[in-house]
Amino acid sequence: MPEFIAELLNHNDIFNATTLMHYWDGLVTTVQLVFLSLVIGLLMALPLAILRTVKNPLVSGPVWLYTYLFRGTPLLIQLYIIYYGVAQIPGIQDTFWWTIFREPFYPALLAFTLNTAAYTTEIIRGAIVATPNGEIEAAKAFGMNWAMRMRRIILPNAARRAVQAYSNEVIFMLHASAIASVVTIVDLTGAARDIYSRFYAPFDAFIFVALLYMMLTFILVFVFRKLENHLLKHQRPAGS
Amino acid sequence: MFDLKGYGPSLMEGAIVTIELAFLSLAVALALGLIGASSKLSGNRLLRNTATAYTTLIRGVPDLVMMLLFYYGGQVAVNNLSDLLYELYEIDFFFQFDPFISGVVTIGLIFGAYMTETFRGAFLAVEKGQIEAARAYGFTRWHAFRRVMLPQMLRHALPGIGNNWQVLLKTTALVSIIGLTDMVRVAEEAAKAERMPFHFFIPVALVYLGLTAGSELFIKWLDKRANVGVVHGD
Chain A
1 MPEFIAELLN
11 HNDIFNATTL
21 MHYWDGLVTT
31 VQLVFLSLVI
41 GLLMALPLAI
51 LRTVKNPLVS
61 GPVWLYTYLF
71 RGTPLLIQLY
81 IIYYGVAQIP
91 GIQDTFWWTI
101 FREPFYPALL
111 AFTLNTAAYT
121 TEIIRGAIVA
131 TPNGEIEAAK
141 AFGMNWAMRM
151 RRIILPNAAR
161 RAVQAYSNEV
171 IFMLHASAIA
181 SVVTIVDLTG
191 AARDIYSRFY
201 APFDAFIFVA
211 LLYMMLTFIL
221 VFVFRKLENH
231 LLKHQRPAGS
Chain B
1 MFDLKGYGPS
11 LMEGAIVTIE
21 LAFLSLAVAL
31 ALGLIGASSK
41 LSGNRLLRNT
51 ATAYTTLIRG
61 VPDLVMMLLF
71 YYGGQVAVNN
81 LSDLLYELYE
91 IDFFFQFDPF
101 ISGVVTIGLI
111 FGAYMTETFR
121 GAFLAVEKGQ
131 IEAARAYGFT
141 RWHAFRRVML
151 PQMLRHALPG
161 IGNNWQVLLK
171 TTALVSIIGL
181 TDMVRVAEEA
191 AKAERMPFHF
201 FIPVALVYLG
211 LTAGSELFIK
221 WLDKRANVGV
231 VHGD
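Next up, the structure:
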């Protein structure tokens, strides 16, 4: 089998060891970018979603505005504003932030994080708001205060309700990350574009990368299905 | 309000390109969605499997990759076809695969897959007895679809169509990457030339915001109209 693969690679003009390494580097960049933005975005979204459900409009208003702005405009514009914008902040080029933001990876990470945090905030808010009143009343009757209700009753159940929508957001983020290639990041799509222009072979370059994305998507779908099964175990019919 | 440094008219033209693109893609997506949903629910196994393959494929691949494939690949395919036609039949045929067409085709194809799922759900939400009754009254299949199925199904499909439209609108920004002069592209060029990113991207962001906010209101109004006469539970 390895000989067969070696043979195939030797007689293939496009998919040789060098270009496959290029794709591999792109895959690593894509996974890093998506994973980091999702994790940071989720950590931001949880407190924001709780603030968004607070009755005082001075607290929930700004969060609403943030999610509205980031969900109402294309991610590409947000990326451009951050990527081209940070360099224009007066004096930034003299601070240590410049060493970070000079790399296109970090402006992209920031844009993706802010974007996914906005969507995730709304998903979690929806799940919190949908908590049945009886559960909250019961928690109150047990003498739980707000924080304890949140931690023990509302959030665990909200997580169950949110996981389906969140899995869609994760896949959306994976696909949206392809635009990182427009700010010169060599992610999976960036690698495919390099290989396209090197060999002028659009079908080979892009269909291969499409298959890689599809593989990543199916892995995510599988993982989330497992997670959903685990979280919703108590809802399955008895005996299954 | 904003001094657009003379880029105002081209930004305006770009905005019109964006809107044209969005509406044309929506039309393609709705047509594909209806065909896809009917295929998924049809008795024909081949049709069903084709539709399933279509939706699975589209939902697994990023829109930008799909767009690059159609844009760069489309031209190569057209060139190969015209070479072949010339060799075989000496037909001189050339067709420029421009970014606008690639954009409409790609966005239409992608959202056709999402519309397929929306319409499938909506078709299933209409009671089977309705169609049976229509057929019993001697309606032809087309008539039963047009007079009984479609009006009832639209009510269930509207929220889904609305969501897809909002996402579609934002996806149109991607065509600037394959070189179409939409407003994002104009803003990018202006921002680079004048070194004023905020100055040009923020108005464009506001236009998108206006479009999504306006659509939201319109969809709400449509939804209200479609649900006239529906008695909600509780």
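Order-wise, the sequence lines are chains A and B. According to the UniProt record's numbering, the first sequence is numbered sequentially starting from 1. According to the UniProt record's numbering, the second sequence is numbered sequentially starting from 1. Glycine is no exception: its CB is placed at the ideal position from the N, C-alpha and C atoms.
| Item | Value |
| --- | --- |
| May I have a chain-ordered list of the beta strand (DSSP E) segments no shorter than 3 residues that lie completely inside the region 47 to 127 of chain A? | none |
| Reducing DSSP to helix, strand and coil, say where A/P237 ends up. | coil |
| Against B/R185, what residues of chain E qualify as contacts under a CB-to-CB distance less than 9 Å, listed in chain order? | No chain E is present in this structure, whose protein chains are A and B. |
| Under 9 Å Cβ-Cβ, which residues of chain A neighbour B/K5? | Under the 9 Å cutoff, chain A gives no residues; its nearest Cβ is about 15 Å from B/K5. |
| Would DSSP call B/I35 helix, strand or coil? | helix |
| Count the other CB atoms within 10 Å of the CB of A/Q235; is the residue buried (16 or more) or exposed (fewer)? | exposed |
| Where does residue 243 of chain A land, buried or exposed, given buried means 16+ other C-beta within 10 angstroms? | Nothing can be reported for residue 243 of chain A: it is not among the residues displayed for chain A, which extend from 1 to 240. |
| Here's a check: name, in chain order, each residue in its chain whose Cβ is nearer than 7 Å to the Cβ of B/E117, leaving out the five neighbours to either side. | T55 |
| Report, in whole angstroms, the separation of the C-beta atoms of B/T171 and B/I107, which I expect to be a contact under 8 Å. | 6 Å |
| Going straight from the alpha carbon of B/Q96 to that of B/A191, what length do you get? | 29 Å |
| Going by other Cβ atoms of all chains shown within 10 Å of its Cβ, with 16 needed for buried, is A/H175 buried or exposed? | buried |
| According to DSSP, is B/G108 part of a helix, a strand, or is it coil? | helix |
| Can you check whether the CB of B/L158 is closer than 8 Å to the CB of B/A113? | no |
| Between B/I16 and chain A, is any beta-carbon pair separated by less than 8 Å? | no |
| Is any beta-carbon of chain B found at less than 8 Å from that of A/A210? | yes |
| Taking only beta-carbon positions, decide if B/A113 is within less than 8 Å of chain A. | no |
| Using a Cβ cut-off of 9 Å, which residues of the region 46 to 64 of chain B contact any Cβ in chain A, in chain order? | T56, L57, R59, G60, V61, P62, D63, L64 |
| According to a CB-to-CB cut-off of less than 7 Å, which residues of the region 156 to 185 of chain A neighbour chain B? | H175, A178, I179, V182 |
| Quick one: list the residues of chain B neighbouring A/R193, beta-carbon separation under 8 Å, in chain order. | L68 |
| If we count the other Cβ atoms within 10 Å of its Cβ and call it buried at 16 or more, is B/A15 buried or exposed? | buried |
| Taking contact to mean at least 3 C-beta pairs separated by less than 8 Å, is the region 133 to 146 of chain A in contact with the region 85 to 99 of chain A? | no |
| Suppose contacts are defined by Cβ-Cβ distances below 8 Å. Is B/G36 in contact with B/A51 by that definition? | yes |
| For B/W165, count neighbouring Cβ atoms within 10 angstroms of its own Cβ and tell me buried if that reaches 16, exposed if not. | buried |
| So, A/Y80 versus B/F123, is the Cβ gap smaller than 8 Å? | no |
| Let me know the alpha helix (DSSP H) ranges lying completely inside the region 154 to 236 of chain A, each 4 residues or longer, listed in chain order. | 155 to 176, 188 to 199, 202 to 231 |
| Going by DSSP in three states, B/T171 sits in which element: helix, strand or coil? | helix |
| Under the rule that 16 or more other beta-carbon atoms within 10 Å means buried, what is A/R161, buried or exposed? | buried |
| Roughly how many whole angstroms lie between the Cα atoms of A/E103 and A/L33? | 13 Å |
| Report yes if the C-beta of A/T53 is less than 7 Å from at least one heavy atom of the ligand ADP; otherwise report no. | Looking for the ligand ADP in the displayed structure turns up nothing, as the structure carries no ligands at all. |
| With respect to the alpha helix (DSSP H) encompassing B/R48, which residues constitute its N-terminal and C-terminal limits? | 45 to 60 |
| Return helix, strand or coil for B/P9, following the three-state DSSP convention. | helix |
| Is the shortest distance between the beta-carbon of A/F105 and the beta-carbons of chain B less than 8 Å? | no |
| Can you tell me which of the three DSSP states B/G138 falls into? | coil |
| Quick one: grab the DSSP three-state call for B/V228. | coil |
| Let me check understanding here. Comparing Cα to Cα, which of A/F199, A/L58, A/S37 lies closest to A/S177? | A/S37 |
| Counting only Cβ pairs nearer than 7 Å, list the residues of chain A close to B/G121. | Those within 7 Å of B/G121 in chain A number zero; the least Cβ separation is about 15 Å. |
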